[in-house]
Each structure stands twice: as C-alpha cells, then as structure tokens.
Amino acid sequence: KLWSKTQADMKRRLKITLNSDHLQLILPPAPSFPSDTTFGGCDLTEPTTAAIPPVSSYCVLNSELEVVHELHEEAVITQPYIPSYLSFREAPPLLPLLLTGPEPTYLLTDGNGLLHPREFGFACHLGLLLEESGRGAVVTIGCSKNLHVFEGLRTAKDQERDVDARTIKDVFKEFQQWWMKGGGGLIDEYKIGDVVVLDNLNYDEYTLPESPPESLAPIPSSVLYLFGPTSSPSSNPIGASYLKKGGESANPIFVSVGNRCSLTTAIHCV
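The opening residue of the sequence shown carries number 884 in the working numbering; numbering runs sequentially from there.
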C-alpha cells in the first residue's frame, strides 16, 4: 500500500503530453534527430547463479548509434521483485550510474512507463527521480519485451468490451500471428484493434473496412498496435506495440511514455 501511494503521489509530478487524438500518432516521414542527440539505456542484470553478483549497466550512444559512454557496477539489491513495483528494486542501484555519467537526450529503460496498472511504471519513476535530482532535461521512455497484463488493460479501440486483461493479451497474440502470416483468412475487427501503419516511413492511418475481407492487401510490414486503460478515453493511448517484419527479430516491442514526452516522441525514438 505504501508503494502504491508513493506511485500515485509521484505520478502527479510527471511532465507528459497525452496524445489527445490518436491521429497524432501518424508520424512525419523519416524522423531525424539533431547531430548532438544522445540515446541512453540502463538495465539491471541478475545472474541465475548466486556466485555471480547482479550488475547495474548504463550506456550512451551518439546520433550515429556509436557508444560514447559505458559503465557497469556491481549492484546491491535490497528489495524483492514484486510485479508492478520494479522501480523500488532497480532504481536505487541504477540512479548513481545515471547521475555520474553523461546526461542523454533520451533514456530508454527495460521496463514500462504509463503502460502500467497505476500508469506509473519504471520509466516514469526513474525519469522523475532524475528530474528531481537535477537531470530535468532527460526524456525517459519505457521499453518492454512483454505485454504487462493488468486489470483495466484494453486495446485503444476496444475500451467498452467486457473482457479481462488476459483476453486482451490473447487478442494481441492472435493479431500478431495473423499479421505475421500475411493477413490471410478472416479475423474479427476487434482483434485488430487500433493499428497505425508505418510502411516505408510513409505514415498513413490504417483504416479497416466495416467487414474485414479475407485478407487486407498489401499487409503492412511495420505497424503500431495501441493500448489504453479503461480509465482513459479511447483517444488517449498509453502505450503501443511496435511490430516489424524482417530484420533480426520479429518480436514486438512495447513502448510507453516515461517522463517529459508524448507517446509520439517515444515511438519516434524507439
């Protein structure tokens, strides 16, 4: 209860921009960053054997994605892992590295931001700690390999359906499998949710017909799948899954706002 209250109190101090209209997520072509832009990443690694201590890591890349700073330190962990309270375990050993190293323009965390049961995940918490420690210009962005299932989770399009969060995860997986196979065969419209196409950096809204055909051609190679909680209107997505065919991995990345940015900015950066 104390940690939940802390999250609620800190959430009020976040500096974020909600996408009041999901159409704002139609991004401009070929997003570019100034040459002095830097991208940071941090994580806490916990080995599977007790003989090896956990390690805090912080890395900074320049706009050419070249490593300009890298620091690793043995970490002291004092709190247990409790789902949705990751920041209380990982922020204390990571914060000193972030405060002593160079300040990045964008900081990506291995953990969610607003895509969280109380809309205050690790990226939000760490971003606010940095801001209130004198690193106020850092934008934090949540990145996760898995969809965090919590009560109230919905697709941004599917706010009013009486389904539980586990069903939403299954719905997303079914969409992902359908899309990876090229879109062949029928799929219910609600399983597609709110999707924005990112093909060839030519950003267009993906508009479904009222009755989905057997296949939607051409099936996009890059899409965003938007998520929102029942507490927010459908026009305020709090997170997105980035799906891309080809390359080294077709696994989704779940992106959400941490602090000092909008979901559009977070997606641009990732």
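Glycine included, each C-beta is placed from N, C-alpha and C at the ideal position.
Assuming residue i and residue j are in contact, meaning their beta carbons sit under 8 Å apart, how far apart are those beta carbons, in whole angstroms?
i, j, result
"G996", "V1140", "5 Å"
"C925", "T983", "Rounded, the Cβ-Cβ distance is 12 Å, inconsistent with contact."
"A974", "L1012", "6 Å"
"V1032", "K1052", "5 Å"
"R1001", "A891", "7 Å"
Strictly by DSSP, which residues pair up with residue i?
i, result
"L980", "Note: L980 sits in no beta bridge, so no partner."
"I1136", "Y1125"
For residue i, does the count of other Cβ atoms within 10 angstroms reach 16, so buried, or fall short, so exposed?
i, result
"P912", "Unreliable positioning characterises P912 in this predicted model, as indicated by a pLDDT of 47, which lies under 50. A coordinate reading is not provided."
"Y989", "buried"
"Q1060", "exposed"
"F916", "exposed"
"G1025", "buried"
"G968", "One point to set straight first is that residue 968 is Tyr, not Gly, in the sequence displayed. Y968 comes out buried."
"H999", "buried"
"L1126", "buried"
"L1069", "Confidence at L1069 is low in this model, with a pLDDT of 47, below 50, so its placement is unreliable and the value that follows should be read with caution. Counting Cβ neighbours within 10 Å, L1069 comes out exposed, since fewer than 16 surround it."
"L981", "buried"
"T1147", "buried"
"P1135", "buried"
"I965", "exposed"
"V951", "exposed"
Would residue i pass as a contact of residue j if the rule is Cβ separation under 7 Å?
i, j, result
"P987", "G923", "yes"
"N1142", "C942", "no"
"E956", "S939", "yes"
"K888", "F1003", "no"
"E949", "P937", "no"
Taking CB distances under 7 Å as the criterion, tell me whether residue i reaches chain C.
i, result
"R896", "Note that chain C does not occur in the displayed structure, where there is just one protein chain."
At 3 residues or longer, and completely inside the region 992-1036: list those beta strand (DSSP E) runs for me, N to C. The region 992-1036 contains these whole beta strand (DSSP E) runs: 1022-1027.
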